[in-house]
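If you read the sequence shown in full-length UniProt numbering, its first letter stands for residue 1, the second for the next number, and so on. Even glycine gets a Cβ: it sits at the ideal position worked out from N, Cα and C. Okay, structure first, notes after.
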Amino acid sequence: MNFPVGIPLKAKRGVPHHYSQPLGILWGFTHQILSPFPGYHVSEDGKNCTSCIHGVDFTIYWNVLPSCLPCTTCKSGEEEKTPCTATADTRCECKPGTFREENSPEFCQKCHTRCPDGMVMATPCTPSSDLKCMDQESGNSELVVGIAVPCSILLLAVVIACLVCKCKVQGEVPGRKGEARAPPPSPQSFWCPGLALIWVPRIPLHLPPHLLL
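In structure tokens:
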């Protein structure tokens with residue numbers, strides 16, 4: 001079933017505003033209830049919409065509330081990340097060095113500063129999780145793998161580069177009178193100075209006479 005929806009006009013902060021048409025029918029055909037946009041609430045007489053006050057109260061969704069919801073005040077162990085607006089509540093976060101668990105979101109707990117003997121840090125403490133540790137052997141294994149893989153790739157690249165650099169231009173070497181000269185250089189090869197990872201053949205370009213300037 002489709003219900004007519006009205007478009008709200010701009011209202012002054014905290015002042016009731018009359019709308020030319022209902023914002024939505026929420027129950028039945030005879031009982032029409034105004035459904036204000038986020039940032040508004042229904043007035044006491046149920047006919048008007050009143051805006052929430054920035055930094056004081058808010059509403060997030062379309063609603064039929066008689067008043068806006070009060071903004072949350074961060075606790076002593078928290079810090080404010082984003083302030084309260086007419087359409088969003090205050091977002092609080094644990095201060096550095098503390099975290100909040102999902103099982104106990106009421107307060108922030110102090111982070112562990114070090115791992116037990118025989119263990120190394122896997123991930124540092126964040127506002128949503130404590131310091132995480134792992135076995136030292138596992139940490140060393142991951143470190144070895146992290147070093148070995150790039151080194152293997154680099155070594156393979158050097159070997160390929162050395163093979164590519166064997167393509168040396170056999171340039172014409174001047175000889176003494178009466179001696180045979182070396183054949184001209186092959187257009188399919190060139191000399192790589194130093195190490196190179198990409199070999200690009202030298203392709204001769206033959207243009208028609210009328211295109212040569």
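Figure out for me which residue from G55, C151, P66 and K110 has the closest Cα to the Cα of E44.
Of the listed residues, the one whose Cα sits closest to E44 is P66.
Minimum C-alpha distance to T98 - residue among E137, S129, V56 and T59:
The candidate whose alpha carbon is nearest that of T98 is S129.
May I ask you to report which of helix, strand or coil DSSP gives C115?
In the three-state reduction of the DSSP assignment, C115 falls in the coil class.
So, does the region 122-137 touch the region 87-103, judging by three or more C-beta pairs under 8 Å?
Three or more beta-carbon pairs drawn from the region 122-137 and the region 87-103 are found closer than 8 Å, and the two stretches are therefore classed as touching.
Measuring straight from C-alpha to C-alpha, what distance separates residue 286 and Q109?
Any property of residue 286 remains undetermined from this structure, which presents the chain solely from 1 to 213.
Quick check: the Cα distance between K75 and S51, rounded to an integer number of angstroms?
Here the alpha carbon of K75 sits roughly 27 Å from the alpha carbon of S51.
Buried/exposed call for F107, threshold 16 Cβ in 10 Å
With fewer than 16 Cβ atoms within 10 Å of its Cβ, F107 is classed as exposed.
Looking at C-alpha atoms only, which residue of Y40, T87, P83 and E80 is the closest neighbour of I60?
For I60, the nearest C-alpha among the options comes from T87.
Out of curiosity, what's the CA-to-CA distance linking P150 and D57?
For P150 and D57, the distance between alpha carbons rounds to 55 Å.
Can the beta-carbon of G55 be found closer than 9 Å to that of T85?
Yes, these two residues count as a Cβ contact at 9 Å.
Where does P124 fall in DSSP's three states?
Coil at P124, not helix or strand.
Neighbourhood of P70 by C-beta, 8 Å cutoff - its chain only, sequence neighbours within 5 removed
Cβ within range, chain order: V56 and D57.
Given that a residue counts as buried once 16 or more other Cβ atoms are within 10 Å of its Cβ, and exposed if not, what is S152?
Burial call: exposed.
Residue of D135, C165, T113 and H41 minimising C-alpha distance to V120:
Put simply, of D135, C165, T113 and H41 the residue whose alpha carbon is nearest the alpha carbon of V120 is D135.
Residue closest to R91, alpha-carbon to alpha-carbon, out of E79, L131, E101 and A122
In terms of Cα proximity to R91, the closest of E79, L131, E101 and A122 is E79.
Identify whether A88 lies in helix, strand or coil by the three-state DSSP scheme.
A88 falls in the strand class under three-state DSSP.
Please report the straight-line C-alpha distance between L155 and A122, rounded to a whole angstrom.
Cα to Cα, L155 sits roughly 29 Å from A122.
I'd like to know if P70 contacts chain C, where contact means its C-beta is closer than 9 Å to some C-beta of that chain.
This model lacks chain C altogether, as it is built from one protein chain only.
Using the Cα positions of H41 and I147, report the straight-line distance between them to the nearest angstrom.
Roughly 60 Å separates the two Cα atoms.
Looking at the unbroken beta strand (DSSP E) that takes in Y61, where does it start and where does it end?
According to the DSSP assignment, Y61 belongs to no beta strand (DSSP E), since it is labelled neither H nor E.
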